[in-house]
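J.:
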Amino acid sequence: HYWPTLKSDCKDYVQRCKECQQFGNTHRQPPKVLHQMASPWPFAQWRMDILGPFSLAKGQLKFLLVVVDYFTKWIEVCPLAKITVKNVQKFTWKNIICRFDIPHSLITDNGRQFIVHNFESFLQELDIKHLATLVEHPQTNGQAEAANKDILRELKK
Numbered sequence: 001h002y003w004p005t006l007k008s009d010c011k012d013y014v015q016r017c018k019e020c021q022q023f024g025n026t027h028r029q030p031p032k033v034l035h036q037m038a039s040p041w042p043f044a045q046w047r048m049d050i051l052g053p054f055s056l057a058k059g060q061l062k063f064l065l066v067v068v069d070y071f072t073k074w075i076e077v078c079p080l081a082k083i084t085v086k087n088v089q090k091f092t093w094k095n096i097i098c099r100f101d102i103p104h105s106l107i108t109d110n111g112r113q114f115i116v117h118n119f120e121s122f123l124q125e126l127d128i129k130h131l132a133t134l135v136e137h138p139q140t141n142g143q144a145e146a147a148n149k150d151i152l153r154e155l156k157k
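Under the working numbering, the residue at position 19 of the sequence shown is numbered 19, and the numbers go up by one with no gaps.
1) Give the secondary structure of Ser-105 by DSSP, where H, G and I count as helix, E and B as strand, and everything else as coil.
2) Roughly how many angstroms separate the alpha carbons of Ser-121 and Ser-55, rounded to a whole number?
3) With DSSP as the reference, label His-1 as helix, strand or coil.
4) Cβ atoms of Asp-9 and Phe-43: under 7 angstroms apart, would you say?
5) Could you pull the start and end residues of the beta strand (DSSP E) that Asp-49 belongs to?
6) Quick one: is Gln-22 buried, meaning 16 or more other Cβ sit within 10 Å of its Cβ, or exposed?
Following this line, the structure appears as structure tokens:
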């Protein structure tokens, strides 16, 4: 079939669709020059971030600890009641190190639970390079932020 206005008709339909506008993945940032950040192999470089607080779930859970492998884009998520250094260390050990081996580096923001001495020592003992980004500049931790956006979009549905 020939439909000369297909593209504009589809665009109009999506713009009028309430669900498409509410949950759609829109790009609001102007285009910028991309910078390549290479990860040498799978599971060598991880991004870690925290989502929440959310409304309380079963077991008083209200936060999500999210890690994303830079190379494969593999996502690991853990619901937590409290964000403590102990919980972050336990998650890092159990869900990253024991499952995927010791990574080369871990990128986080400057959240208190990531920059305290206990967590820094834990990473140093395992020879994991800790790279901290500014909380005010989440684009630096882009992959974790993108995963967060996907997770939040799915939670809204």
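Note that CB positions come from ideal geometry on N, CA and C, so glycine has one too.
Given the structure is predicted, the values throughout are model-derived calculations rather than measurements.
T.: Looking at the coordinates:
1) strand
2) 33 angstroms
3) coil
4) no
5) 45-51
6) exposed
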